[in-house]
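2 protein chains.
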Amino acid sequence: MTVAEELLEPDAVHAFGVFADHLNFTTAAATLHLSQPSLHAKIRKLQAGLGIALYERDGRGLRLTAAGERLAAFARDTARQAGDLLADLSGGLAPVVLAAGRGTFRWVIGDGIRRLAGSGRPVRVLTADRDAALTAVTSGRVDLAVIAHDPPPPSLRSTQLAAYPQTLLLPREHALADRTHLDLTDLDGLDLVVPPPGRPHRRALDRALLDAGVSWNVAAEVDGWELLAHFAALGLGATIVNGCVHPPAGLTAVPLRDLPAVRYWTVWRPERDRSAADALTHLRRAPAGPGRSGAGRPGADQPETPEHPGHPTEVGPR
Amino acid sequence: MTVAEELLEPDAVHAFGVFADHLNFTTAAATLHLSQPSLHAKIRKLQAGLGIALYERDGRGLRLTAAGERLAAFARDTARQAGDLLADLSGGLAPVVLAAGRGTFRWVIGDGIRRLAGSGRPVRVLTADRDAALTAVTSGRVDLAVIAHDPPPPSLRSTQLAAYPQTLLLPREHALADRTHLDLTDLDGLDLVVPPPGRPHRRALDRALLDAGVSWNVAAEVDGWELLAHFAALGLGATIVNGCVHPPAGLTAVPLRDLPAVRYWTVWRPERDRSAADALTHLRRAPAGPGRSGAGRPGADQPETPEHPGHPTEVGPR
DNA sequence: ACGACCTATAGGACAGTCCTATAGTTGACC
DNA sequence: GGTCAACTATAGGACTGTCCTATAGGTCGT
């Protein structure tokens, strides 16, 4: 304890946190209202005290070492907690900040965020793809992230938020439109609106359709569920989206039996457990409106037994 | 964030944490290697910055205000986290410190602590009764506490660690000794070794026996399961203990059907979640040896569904 | 009422941090 | 390949803030 306070000079740690955001002494010093040499000396002293290199030169720029990353996360945690306490003492609430993809915000946690914000808790959001969201969590830049498909690495806390079947969006008058569900083989010969190559959803589709021996044609390549549905509505072809997406006028959604459900995971670091727990209670129960009228139950609320033993963990309501 | 760093001058917060432990400027200053006026000025400045009184005079001594308590807990958390990080950076492990009652250490988590310590994780313990253990958790003096009987207040995280039936310890040759289980009415007319009035276990017994309309005699009043069993072994009378207590030579343990099981709760603050999670994985699974040979399964591992909805929450293994 | 043991205040001494100035390093561009 | 631009890194003097000693102000026990 006493030793910690001497080695981890809190002021220097804070400065390092800011520096870690910039990876540039000059601008970091400016935001700290400090001269560049001053900041440099501070961080040099910090490194000397710890006996560890926190950053290193990477050509023209700088890069954090592993230890530096951890210290930066610690710095952000500390700032977060100080803010929490301060808010607590003054009767307010510190904002919870969360990261997710555009589509996730729109379809999966839109209502949850509305509830959370409606509960009086300030919310800040950050759109990011899966990887960016995960690093934002790991580095302490956000409290909470929501990611799709695969569960996060086990070093992070997580819980499954929802699971939606994948559905085929196609014109009401289409021959397949009246079916209660479809198999992949039913898609044989169809024109499909799909994401561009390389996107996770596209990769999964390619793989699944290939495995099923289905031949199909690229009707259009666009990114994001909104656009997929849009172009399907324009009549370019059918498209495969998440069950939580509302079919636009003229289209029907039919569940695809043998595509895996799209699972959503809420993920956070144990250090941010407190903020996360608060947000979770609002994000859970009944995420955004289901694609098929009223029926599309997300698999949340009572989270099912972990399919990846040891990974998903949970926090109950406080 | 920026504001936080200015109001919550980390150095002052640390100093306040130490002061909170002493509630005495003179001695706190000494442990901080600081003059008393210096410490006083520091804390005065801290209060001024926050615009909140952190302590107040209480006759001759001092006492923390509610805000002061929270800040003190924050200070201890911060110190803890700094220690964790430092240990982490140097490849070591920060000690986990936990509080429980004497009997709990001996009978319920003895093995768990051995496992935890055996895993290379340094452990520090602090014996305390239920209330002391809970305040130690709340004030951040310990990471984790194990308490018996009632679940902790919902502001704390907790999970049920184990549940043992209450058993009657009585001489092998006693008429009741061969029964597989007993009802309270079977105890009518018995001499019982019980805890002194006022102790939780005694209160619960008084209440239960009264409700069952059982009349009984105080054979001895002693505190602690060890002594209860000891005096029962001396032949003073039967005694009622927790199923996890090994019956001494010459005594048999018979479960009492209509006394509620004694539940053990592990409890921690969300802020200490990280340390707690680590310790929990070791404390759980198969706590100390059961009273009846091999059979007494504690209700842990897969924690049963919450009986007090909303209260018990859980962390999975990391 | 006095003394012991504190907390609280005042004012001067010192230490650490911050600044300006400048040298060193690296990549980009002509 | 030489020069420029954008940084990082180092040195040395100025000043702000903190710490100390000394002392006054409270509160309780005897």
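Chains as they are written, first to last, in my numbering: chain E, -18 to 299; chain L, -18 to 299.
All C-beta atoms, glycine included, are put in the ideal place defined by N, C-alpha and C.
Given the structure is predicted, the values throughout are model-derived calculations rather than measurements.
The beta carbon of T262 of chain L does not come within 8 angstroms of any beta carbon belonging to chain E, so the residue lies off that interface.
Using a CB distance cut-off of 8 angstroms, D254 of chain E counts as an interface residue toward chain L. For R111 of chain L, the closest alpha carbon among the candidates L:Q17, L:H182, L:T220 and L:L15 is that of L:H182. Separation of the CB atoms of I221 of chain L and L237 of chain L is rounded to 7 angstroms, and the pair is thereby assigned contact status at 8 angstroms.
Following the DSSP letters along the chain, one finds V(-6) of chain L inside the alpha helix (DSSP H) bounded by residues P(-9) to H3. Here F86 of chain E is actually not in contact with V118 of chain E; their C-beta atoms are around 16 angstroms apart, not less than 8 angstroms. Between the C-alpha atoms of S16 of chain L and D254 of chain L there is a straight-line separation of about 36 angstroms. Listed in chain order, the beta strand (DSSP E) elements of length 3 or more contained wholly in the region 206 to 278 of chain L are 219 to 223, 232 to 236 and 243 to 249. L215 of chain E and I128 of chain E have their C-alpha atoms some 29 angstroms from each other.
Proximity of chain L to D69 of chain E at the Cβ level (cut-off 8 angstroms) is accounted for by R51, in chain order. Contact between the region 201 to 214 of chain L and the region 123 to 143 of chain L is absent: fewer than 3 CB-CB pairs across the two stretches fall below 8 angstroms.
Pairing V203 of chain L with L186 of chain L gives a Cβ-Cβ distance that is not under 8 angstroms. Closest in alpha carbon position to A126 of chain L, among L:D159, L:V104 and L:A80, is L:A80. In this structure, DSSP gives R183 of chain E a helical state, which the three-state scheme calls helix. For I94 of chain L, the enclosing alpha helix (DSSP H) begins and ends at G91 to G99. Around the C-beta of D65 of chain L, 16 or more other C-beta atoms lie within 10 Å, and the residue is accordingly described as buried.
In the DSSP annotation of this structure, S19 of chain L is not part of any beta strand (DSSP E); the continuous alpha helix (DSSP H) holding it starts and ends at Q17 to L31.
Counting along the chain, the unbroken alpha helix (DSSP H) around E50 of chain L starts and ends at A47 to L70. Under the Cβ criterion of 8 angstroms, T166 of chain L is not counted among the residues facing chain E.
Using a Cβ-Cβ cut-off of 8 angstroms, A258 of chain L is close to P251 of chain E, given in chain order.
As the crow flies, the alpha-carbon of A22 of chain E is around 41 angstroms from that of L97 of chain L. For L(-12) of chain L, at least one C-beta of chain E is nearer than 8 angstroms to its own C-beta. By the neighbour-count criterion, in which a residue is buried when 16 or more other Cβ atoms sit within 10 angstroms of its Cβ, G(-2) of chain E is buried. Spanning the alpha carbons of G205 of chain E and D124 of chain E requires a straight line of approximately 25 angstroms. Put simply, the backbone Cα of A219 of chain E is about 13 angstroms away from that of Q147 of chain E. Secondary structure of A109 of chain L (DSSP, three-state): coil. The shortest CA-to-CA distance from V89 of chain E to any of E:D2, E:V77, E:R244 and E:E252 is the one to E:R244. Interface flag for I33 of chain L against chain E is set, since a Cβ pair is found closer than 8 angstroms. R122 of chain L counts as buried, since no fewer than 16 other beta carbons sit within 10 angstroms of its beta carbon.
Contact check for W249 of chain L against P132 of chain L fails: the beta carbons are separated by 8 angstroms or more.
Annotation: the continuous beta strand (DSSP E) that includes A200 of chain E extends over N198 to E202. Among the CB atoms of chain L, one or more fall inside 8 angstroms of the CB of L66 of chain E.
Residue contact with chain L for P132 of chain E: absent (no Cβ-Cβ distance below 8 angstroms to any residue of chain L). At a cut-off of 8 angstroms between beta carbons, F55 of chain E contacts chain L. Of the residues assessed, E252 of chain E falls on the buried side of the cut-off, its CB having 16 or more other CB atoms within 10 angstroms.
Residue pairing by DSSP places A143 of chain L opposite L:Y245 in a beta bridge.
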